[in-house]
Amino acid sequence: MTSNNTIFGTEWHYTPEVGRVPLVSDTSSDMFSRPIDVARHALIYAGAQKNLAPAGVTIVIIRDDMLQRSPSTIPTMLNYAVHAENASLYNTPPVFAIYVMRLVMTWLLKQGGLAAIEKVNIRKANKLYAEIDRSGFYRGHAQQDSRSRMNVTFRLPNEELDKRFAKEATAAGLDGLKGHRSVGGMRASIYNAFPEVGVDALVQFMQEFERKNG
Ligand SMILES: Cc1ncc(COP(=O)(O)O)c(C=O)c1O
């Protein structure tokens with residue numbers, strides 16, 4: 039599974055029951071945004087580039103029995119068993135990215151840890167979803183119970199307004215809102231590091247834009 043889909047703006051809000059099937063999760067875009075039940079996963083991997091550190095490093099949490107299942111036909115660099123045997127030092131690791139990850143983890147602990155950052159993330163996302171649901175001018179892309187707290191996707195009444203919104207938002211200092219090309223519309227990515235005042239600014243911009251164009 040992919041715990042958070044950055045493109046559609048959807049997120050699993052529970053860990054699915056999979057019986058004896060090993061649960062493998064790509065948590066690249068919501069790792070450390072909330073507590074998760076690690077023990078229920080056979081393998082978790084997360085590219086660092088959203089909530090953890092600069093791109094270039096990936097966190098992998100893998101159950102011992104899964105390591106034993108790594109076939110020897112896997113190219114060495116892609117074989118988690120090799121990395122585990124070598125304490126993640128089989129190749130030269132990207133030390134600067136790892137150092138920054140340490141700083142981010144220290145910052146996270148200072149915020150009160152994952153339970154605390156989850157509260158902030160829920161509050162940030164809810165502000166945007168409340169605005170989307172308020173008038174019908176904006177329409178959320180994801181089904182309500184699958185809404186992502188990291189990527190809030192929505193569209194305006196037509197494509198022309200989508201374009202105008204993205205352009206005027208950029209001019210107002212709210213950059214990067216254009217949605218992924220396969221979905222269209224807008225996407226507000228509000229990862230851990232994105233400040234709540236930025237969400238407030240976007241809500242205000244959405245209200246003003248609707249007043250002018252609604
Ligand atoms: C859930 C998820 N998986 C994978 C990727 C892609 O990662 P990479 O660009 O390192 O292949 C992304 C986006 O960066 C993502 O959000």
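Numbering-wise (our numbering), the sequence shown opens with residue 39 and increments by one.
No residue lacks a Cβ here, since even glycine has one placed at the ideal position from N, Cα and C.
Proximal residues to residue i (C-beta, below 8 Å), its chain only, five neighbours per side dropped
i, result
"residue 39", "50, 54, 61, 62, 63 and 64"
"residue 199", "251"
Outcome for residue i when other beta-carbon atoms lying within 10 angstroms are tallied against a minimum of 16
i, result
"residue 44", "buried"
"residue 197", "exposed"
"residue 88", "buried"
"residue 185", "buried"
"residue 141", "exposed"
"residue 220", "exposed"
"residue 237", "buried"
N- and C-terminal bounds of the alpha helix (DSSP H) containing residue i
i, result
"residue 236", "234 to 251"
"residue 161", "151 to 173"
"residue 225", "Note, residue 225: premise wrong, no alpha helix (DSSP H); beta strand (DSSP E) at 224 to 227."
"residue 84", "Here residue 84 belongs to no alpha helix (DSSP H); instead the beta strand (DSSP E) covers 81 to 85."
"residue 208", "197 to 209"
"residue 120", "118 to 123"
"residue 64", "Premise fails: residue 64 lies in the beta strand (DSSP E), 62 to 64, not in any alpha helix (DSSP H)."
"residue 104", "102 to 106"
Residue range of the unbroken beta strand (DSSP E) whose run includes residue i
i, result
"residue 75", "Here residue 75 belongs to no beta strand (DSSP E), and DSSP marks it neither H nor E."
Proximity below 7 Å, CB of residue i to CB of residue j
i, j, result
"residue 120", "residue 128", "yes"
"residue 246", "residue 162", "no"
"residue 224", "residue 192", "yes"
"residue 207", "residue 47", "no"
"residue 135", "residue 91", "yes"
Close-in-space but distant-in-sequence residues of the same chain around residue i (CB under 6 Å, 5 per side omitted)
i, result
"residue 117", "108"
"residue 209", "none"
"residue 101", "80"
"residue 241", "165 and 169"
Cβ-based neighbour list, residue i, same chain, cut-off 7 Å, excluding 5 preceding and 5 following
i, result
"residue 157", "none"
"residue 149", "155"
task = Please list, in chain order, all residues with a C-beta atom less than 7 Å from at least one heavy atom of ligand 1.
result = 40, 42, 43, 44, 64, 66, 67, 85, 87, 88 and 93
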